[in-house]
Structures are given as C-alpha cells and as structure tokens.
Amino acid sequence: MTTTSHLTQTAPPQQLLKLMMLASSNLPIGSYTYSQGVESAIEQGFIHDEASSLAFLQAYQQEVLLNFELPLMASMMQLSAQKNHHSLVDSLANFYGASRDSHEFLLESQQLAQAFCAWLDGVLDLAMPQDWIAQGYLPLFARLAYFWQLPIADSLTTYAFAQMENLTLAIVKTLPLGQMAGQRIIWQLGQAMDEPIAKLYQTQASKVKTALTAINHPQTFMGKLQDIAPQFLQAQQHAQTLLILINHLQLSASVPSLAELSCHHEQQYSRLFRS
Numbered sequence: 488m489t490t491t492s493h494l495t496q497t498a499p500p501q502q503l504l505k506l507m508m509l510a511s512s513n514l515p516i517g518s519y520t521y522s523q524g525v526e527s528a529i530e531q532g533f534i535h536d537e538a539s540s541l542a543f544l545q546a547y548q549q550e551v552l553l554n555f556e557l558p559l560m561a562s563m564m565q566l567s568a569q570k571n572h573h574s575l576v577d578s579l580a581n582f583y584g585a586s587r588d589s590h591e592f593l594l595e596s597q598q599l600a601q602a603f604c605a606w607l608d609g610v611l612d613l614a615m616p617q618d619w620i621a622q623g624y625l626p627l628f629a630r631l632a633y634f635w636q637l638p639i640a641d642s643l644t645t646y647a648f649a650q651m652e653n654l655t656l657a658i659v660k661t662l663p664l665g666q667m668a669g670q671r672i673i674w675q676l677g678q679a680m681d682e683p684i685a686k687l688y689q690t691q692a693s694k695v696k697t698a699l700t701a702i703n704h705p706q707t708f709m710g711k712l713q714d715i716a717p718q719f720l721q722a723q724q725h726a727q728t729l730l731i732l733i734n735h736l737q738l739s740a741s742v743p744s745l746a747e748l749s750c751h752h753e754q755q756y757s758r759l760f761r762s
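Under the numbering used here, the residue at position 126 of the sequence shown is numbered 613, and the numbers go up by one with no gaps.
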C-alpha cells in the first residue's frame, strides 16, 4: 500500500508566504538593474548563447554562491541563534562588505540593502537599524530570515533562486535569447542546488560549533595564527576573533575573473545595467 503522507506536509503558511515574497522577482528593491558582471561577460563574448549562459551561471553558482555567500549566510543565521555572539554576526557582515571586489559590487550591495530596508519599513512597518545598510544586502537578508525564524535551508534556497533568476533575466534581456531558454537555465540551476544546500546546512553548523570552541580557547590556536597572519596577534582582540572565525568557517570570497569583468564594466562604452 502506498502512502501520500508527504503530500500533506506543508511549511507554516506565514513562513511560506515570507519565503515566496523574498524569492519573487517583483520584490521592489531594484535588483533588476544589476547584472553582477553578466553584461560585461556578454560584451567580451563569454556569454553568447544558451549553452554559454548556462556554463557561466553554473560557475557563478559554484564559486560565488556555494563557496561563499550561502555558507556565510548560514553561518550568520546560526551565530544569531547563539547567546552573546551578536558581535560575531556583525564581524561576518563587515567581512562580506570587505569582500566586494569592485566599486560597482560594493555600491550594488549597499543600494539593494537600502532599498530592502525601505521595503521592510513601507510594506511591513518593520524598521531596521541604519548601520546595517552599509553591511550590504546579503547580511540584511540573513538577519531578516533569522528574525522571521525561517528555516536556514529554505532561506538559502530562496536567496540562491532570487540571485540566479535575476542573472538569467539579465541575459535574456541582453541576448537574443528566448524566455523558454531562460526557464530551462533556471530549472537546471535549481535542480543542481538541492543536495549542495542540504549538505552545506549540516557542515556549516559543525564549522560554527568548532569555531566557537576555538574562540573560547584561543591559546590552542596561537601557533596556527602565527603562521597565517602574525600581524593580527598585535591587533585588537576583535581582529583575532574574526581571524579564528573565518579560518574555521573556511569562507573563500576570491573570484578574480568576476572582479575583472566588473572592473571592465565600469568602463564599458554603453550598458543597460549598473553592475
């Protein structure tokens, strides 16, 4: 006898509604005006058809989302749940801002955060501290997801979908690429996210736990810190703590090819997008 019990298992309606609103391309924060380097990649010929579009976005998905932004978001949400560790959340948020490779990317993150705050205030009557704007869009998204008590894996999926849909739409708007091709790209990108996000959620929780243990017992890691960055040993305790945290979370924000595309975009002769 077969069972359909899984068909009746639903997320709480209010949580589902919030996730759908955050994932919607109609969320009026202006993300459609940015291409995250896609327009520059089209200008230089790296993206020219459906196959090259998919290949570029798959690389972006792996190098930017799965290797850095999603682990960072998961870590921020997990640390937010820990008592007396809000300063570590701020440290990761500032680390995210420092990871923006170009002037365009930094402005994009800050402007999206500002528009996001305006949306939260104007639609939901939810005011966010002004100093969070400078930290950028991803930290604000993570803070809101935690404030709403949204499941971490669902929050990561929502953020990733919104990012990949926006980049795909930027390609569709710029290339002679049809809507069906864009939908095929989004579908394939989405299919490749389930397993990595489920794994990331589990491994990042373990890394956060290990990092907190190391922060509480820093003397056992002094030798390693000496090898990695001895100048931090003379800096403030805050810098030492951040170094331990980043080291254990294994966050990598270096995507030099994307930074190159962004720098090229700043000097592009004509353009549709702001990044």
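The beta carbon of each residue, even a glycine, is placed where N, CA and C say it ideally should be.
Query: Roughly how many angstroms lie between the CA atoms of Ile672 and Ala605, to the nearest whole one?; Result: 31 Å
Query: Under a three-way DSSP split, which group does Pro763 fall into?; Result: Examination of residue 763 is not possible in this model, given that the chain is present from 488 through 762 alone.
Query: Exposed or buried, what is Tyr756 when buried is set at 16 or more other beta-carbons lying within 10 Å of its beta-carbon?; Result: exposed
Query: Under a Cβ-count criterion, where at least 16 other Cβ atoms within 10 Å of its own Cβ denotes burial, should Glu682 be classed as buried or exposed?; Result: exposed
Query: Anyone know if the C-beta pair for Glu595 and Gln531 falls short of 9 Å?; Result: no
Query: How many angstroms separate the CA atom of Ser518 from the CA atom of Leu593?; Result: 14 Å
Query: Between which two residues does the alpha helix (DSSP H) containing Ile534 stretch?; Result: That residue, Ile534, is in no alpha helix (DSSP H); it is neither H nor E in DSSP.
Query: On a CA-only basis, which of Ala621, Tyr688 and Leu662 is nearest Thr644? Give me that one, please.; Result: Tyr688
Query: Taking the alpha-carbon positions, what's the Ser739 to Leu729 distance?; Result: 14 Å
Query: When you compare the CB of Asp612 with every CB in chain B, is at least one pair closer than 9 Å?; Result: Protein chains in the displayed structure number just one, and chain B is not present.
Query: Throw me the rounded Cβ distance for the His603 and Leu625 pair, which I believe falls under 8 Å.; Result: The identity of residue 603 in the sequence shown is Phe, whereas the question assumes His. So it is not a contact: roughly 10 Å between Cβ atoms.
Query: CB-CB under 7 Å to Phe708, same chain, minus the five flanking residues each way: which ones, in chain order?; Result: Summary for Phe708: the model assigns pLDDT 48, below 50, so the residue's position carries little reliability; its value from the coordinates is reported in the next sentence. Excluding residues within five positions, the ones whose Cβ falls inside 7 Å are Ala701 and Ile731.
Query: Buried or exposed for Gln565, please, with buried defined as at least 16 other CB atoms from any protein chain shown within 10 angstroms of its CB.; Result: buried
Query: Is Thr586 helix, strand or coil when you go by DSSP?; Result: This sequence places Ser at residue 586; Thr is not what is there. Looking at Ser586 - three-state DSSP - the assignment turns out to be coil, as it is neither helix nor strand.
Query: So Leu662 packs on Ile534, CB below 8 Å; how close in whole Å?; Result: 7 Å
Query: With a threshold of 8 Å on Cβ separation, who are the neighbours of Ala722 within its own chain once the five nearest residues in sequence on each side are excluded?; Result: Any answer about Ala722 is weak, because its pLDDT of 49 lies below 50 and its placement is not dependable; what the coordinates show is given next. Excluding residues within five positions, none has a Cβ falling inside 8 Å.
Query: For Arg761, which of helix, strand or coil comes out of DSSP?; Result: coil
Query: Is DSSP giving Ser562 helix, strand or coil here?; Result: helix
Query: Among Met507, Val695 and Asp536, which has the Cα closest to the Cα of Lys462?; Result: A query on residue 462 cannot be resolved here, the shown segment of the chain reaching from 488 to 762 and no further.
Query: For Tyr646 and Asn703, what's the separation of their Cα atoms in angstroms?; Result: 31 Å
Query: Provide the residue span of the alpha helix (DSSP H) that contains Pro500, from first to last.; Result: Pro500 to Ala510
Query: With 16 as the cutoff for other CB atoms within 10 Å, does His573 come out buried or exposed?; Result: exposed
Query: Grab me the residues of Pro515's own chain with a C-beta within less than 7 Å of its C-beta, minus the 5 sequence neighbours each way, in chain order.; Result: Trp606
Query: Is the separation between the beta-carbon of Ser762 and that of Tyr521 shorter than 9 Å?; Result: yes
Query: Do Lys694 and His735 come within 9 Å of each other at the CB atom, strictly closer than that value?; Result: yes
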